[in-house]
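The opening position of the sequence shown corresponds to residue 49 in my numbering, with each subsequent residue numbered one higher.
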Amino acid sequence: CTLTENKLRLTRVAGTDGTVRKAGDPDAAGTVRVAARACPRLNGDGARPTHATDEAVLDAAGPDPEWTQDEGLPFETSRGYAAAVGRDGDGTPVLVVKGAPETVLPACAGPPSHASEAAHDLARAGLRIIAVASRPLGKGERAADVLEQPLSGLEFTGLLALADVARETSPALVRGLREAGVRPVVLTGDHPGTARAIAVDLGWPEDAVVVTGDELAAADRRARSRMLRDADVVARVAPEQKLQVVESLRDAGRVVGMVGDGANDAAAIRAADIGVGISARGSAAARNAADLVVTGDDLLVLVEAVREGRALWHSVADAIAILIGGNAGEVGFGILGTVLGGAAPLSTRQMLLVNLFTDLFPAMAVAVTETGDAEQEKDDAGAPLGTAVLGAPLIRQIRHRALTTALGATAAWLFGRFTPGTARRSTTMALCAVVGTQLAQTLADRRGSRLVQVTSVGSAAALVLLVQTPGASQLFGCTPLGPVAWAGVAAAIALALAGQRALPRVEEAVVRYWPKVAEALPSV
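Right, here's the structure in full:
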């Protein structure tokens, strides 16, 4: 009932002659009355049925003072029907049965040939179908014994068709999950035809793949994984099979989220990678088993949760790339500068300045802001949850940032070395280029974030102020720079950013012409 209101109402009744009538038709009253007699006996005048199907049938049937129930057998999914033994007005003991057509019809003595066809037609219209049958008890038959025996010798009475109303937000929920790259799968106890029709109404494709609980029960674990890999709907599923479905989907390599509100959903919720309970109308067992609990009644928050979760991973990945990629570029520049100049190009204090201006406020700002990148969200939708952000994409991002940082710093340092000036001037230019290149990359990645803009521009302004202030500049081994030096720093940063844009094409060329080299570069 997660996607529906679970408020069933009787809409159609098919009689023994095959005629389908509206629920309120007087000619349908007999079939409805027999079905109501098979419902569990209520304790007290104000008692209400616990099962939505029983409630709908009893509401449609109304009071039945002529019926006295002696014994009852409540509905169980594994059994497929509910039954009762009682006495009509003439005192004759009668067995009445209502349940799944595929269970009740075979137990009838010569059911009409049109009964099964009518059941399928009504199911394809998205209605829940109940077959109704009865038979008088023979002499010497005890009620308890009859209820324990397999069904047989029944007289077909008719079919009931009940409609369940989909929640207003369910189509938007299904559409939103599909657009986010999450494949929803329906688990339901309904007839396969009913389940398919409801699924199509909610947004599943016309050719939705339907698997039944009986098919799962007849398969081993490996076969179940193959069957469920592309399934859209699992119909006639028993409560205990929900756990099997979750386990089989995980065996098939899927990351599984299970949303449920019933006590019989608890085991599957606990076994899923992401278990989601529903607080507003769910059982305590489902809530306790869940990793996440939806506190309201609007399941559209699941779409928002997927979006925010992916945005969080993108932000974390970008922050990691800033920290690791920037530091790797600094180390690479330090090694190259030492080889070329005979000494480390940046002092310890200057390295601390780099970390202060690049790793503190800008990186923190990136970590708490969303990407806002529509293309990135589109890429996420085409990949399993998380793989579009972590792993190879993150390694590629770190590598690009490291190479860009090292290129900018090296270009500025060499510009200072080969133009008139002191060694301190060239190291100051390298310092400014290291910071400037990293801040420029951060701004490019998050150009739509006001917080990132403020922190990046603020860090750059603070660096310029520190370098151009004589006392503070000398404290950190720097010297104030003139227009030519600042122009060289700006040119080095521009060169590095241009090189970053060319990196993907360079990597493609490496893959094409030097495949063995490409194998050593993950995610190329």
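Glycine included, every Cβ here is placed at the ideal spot set by N, Cα and C.
Three-state secondary structure (DSSP) of residue i
i             : result
glutamine 501 : helix
proline 154   : helix
glutamate 124 : coil
glutamate 352 : helix
leucine 56    : coil
arginine 397  : helix
leucine 433   : Its pLDDT being 48, under 50, leucine 433 is placed unreliably in this model, and the coordinates cannot settle the point.
alanine 243   : helix
serine 218    : helix
alanine 422   : Its pLDDT being 49, under 50, alanine 422 is placed unreliably in this model, and the coordinates cannot settle the point.
lysine 70     : strand
Residue i burial status per 10 Å Cβ neighbour count (16 or more: buried)
i              : result
lysine 146     : buried
arginine 231   : exposed
asparagine 336 : exposed
arginine 473   : buried
aspartate 278  : exposed
glycine 530    : exposed
alanine 332    : exposed
aspartate 65   : exposed
glycine 158    : exposed
proline 113    : exposed
proline 393    : buried
leucine 400    : exposed
aspartate 249  : exposed
leucine 513    : exposed
arginine 358   : buried
alanine 550    : exposed
Chain-order list of residues whose beta-carbon lies under 8 Å from that of residue i (same chain, five-residue window excluded)
i             : result
aspartate 193 : none
valine 3      : Any answer about residue 3 is impossible in this case: the structure gives the chain only from 49 up to 572.
arginine 226  : Pro232 and Gly251
glycine 536   : Ala460, Phe463, Gly464, Thr467 and Met477
glutamine 2   : Outside the displayed range of the chain (49 to 572) lies residue 2, so it cannot be described from this structure.
Residue i versus residue j - alpha carbon distance
i             : j             : result
glycine 251   : leucine 221   : 9 Å
valine 402    : glycine 323   : 43 Å
alanine 450   : aspartate 493 : 15 Å
proline 149   : alanine 365   : 54 Å
proline 74    : threonine 67  : 13 Å
alanine 86    : serine 200    : 16 Å
glycine 344   : alanine 315   : 22 Å
glutamine 489 : cysteine 480  : 14 Å
proline 468   : threonine 517 : 21 Å
glycine 389   : valine 379    : 15 Å
glutamine 486 : threonine 386 : 21 Å
valine 341    : glutamate 352 : 14 Å
histidine 162 : leucine 153   : 11 Å
leucine 545   : threonine 527 : 25 Å
glycine 224   : glycine 305   : 15 Å
glycine 439   : leucine 523   : 41 Å
alanine 77    : proline 111   : 12 Å
arginine 302  : leucine 442   : 22 Å
serine 327    : aspartate 309 : 8 Å
Beta carbon of residue i nearer than 8 Å to that of residue j
i                 : j                 : result
aspartate 212     : glutamate 53      : yes
phenylalanine 463 : alanine 540       : yes
arginine 284      : glycine 237       : yes
aspartate 600     : alanine 256       : Nothing in the structure corresponds to residue 600, since the chain is present only between 49 and 572.
leucine 291       : alanine 319       : yes
alanine 214       : leucine 348       : no
alanine 478       : alanine 460       : yes
valine 282        : leucine 235       : yes
glycine 128       : threonine 101     : no
glycine 525       : threonine 453     : no
alanine 457       : phenylalanine 381 : yes
isoleucine 370    : alanine 411       : yes
6 Å Cβ shell around residue i - same chain, five flanking residues per side excluded
i              : result
alanine 413    : Leu499, Val500 and Thr503
isoleucine 246 : Gly174
aspartate 118  : Val133, Gly134 and Ala191
alanine 171    : Ile177, His239, Gly241 and Thr242
asparagine 312 : Pro287
glycine 120    : Pro88, Arg89 and Ala132
alanine 376    : Ala450
alanine 415    : Ser363 and Ala367
leucine 455    : Ala544 and Gly547
glycine 484    : Ile541
glycine 261    : Arg284, Val285, Ala286 and Gln289
valine 259     : Met275, Ala279 and Val282
Same chain, Cβ closer than 7 Å to residue i, five either side skipped, listed in chain order
i            : result
alanine 267  : Met275
arginine 355 : Ala228
serine 182   : Val82, Val142, Leu143, Val144, Val145, Leu202, Glu203 and Thr205
proline 122  : Pro88 and Ala130
Residue i CB to nearest heavy atom of the ligand SAH below 7 Å
i           : result
leucine 291 : Although the ligand SAH was asked about, the structure shown includes no ligands whatsoever.
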